[in-house]
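The sequence shown begins at 2 in the numbering used here and counts up by one. Remarks on the structure that follows.
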Amino acid sequence: MAPQGYHVVRSHYRRNPRPGSKKMSGWTIAALVAGVWLWGQVFGFSDTSGEQPVRPQPSVSAPAAP
Numbered sequence: 002m003a004p005q006g007y008h009v010v011r012s013h014y015r016r017n018p019r020p021g022s023k024k025m026s027g028w029t030i031a032a033l034v035a036g037v038w039l040w041g042q043v044f045g046f047s048d049t050s051g052e053q054p055v056r057p058q059p060s061v062s063a064p065a066a067p
């Protein structure tokens with residue numbers, strides 16, 4: 002007979018699953034990370050919402066370099 006909280010699977014004991022506490026598997030986490038990376042590659046992150054850098058305009062009275 003298996004101890005409390007365990008059951009027999011192919012002649013060895015395995016712990017019973019806990020109700021309601023599903024953990025994310027490693028493959029699920031890897032898929033989420035890959036999805037975020039692909040989203041960044043395709044659409045970019047905040048490319049349109051940033052301020053444009055100000056380019057310095059040369060003065061009209063500045064002498065031209067020879």
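Glycine is no exception: its CB is placed at the ideal position from the N, C-alpha and C atoms.
Distance between beta carbons of residue j and residue i, contact taken as under 8 Å
i, j, result
"residue 6", "residue 16", "6 Å"
Identity of the residues DSSP links to residue i by a beta bridge
i, result
"residue 9", "14"
Helix, strand or coil at residue i [DSSP, three-state]
i, result
"residue 34", "helix"
"residue 43", "helix"
"residue 21", "coil"
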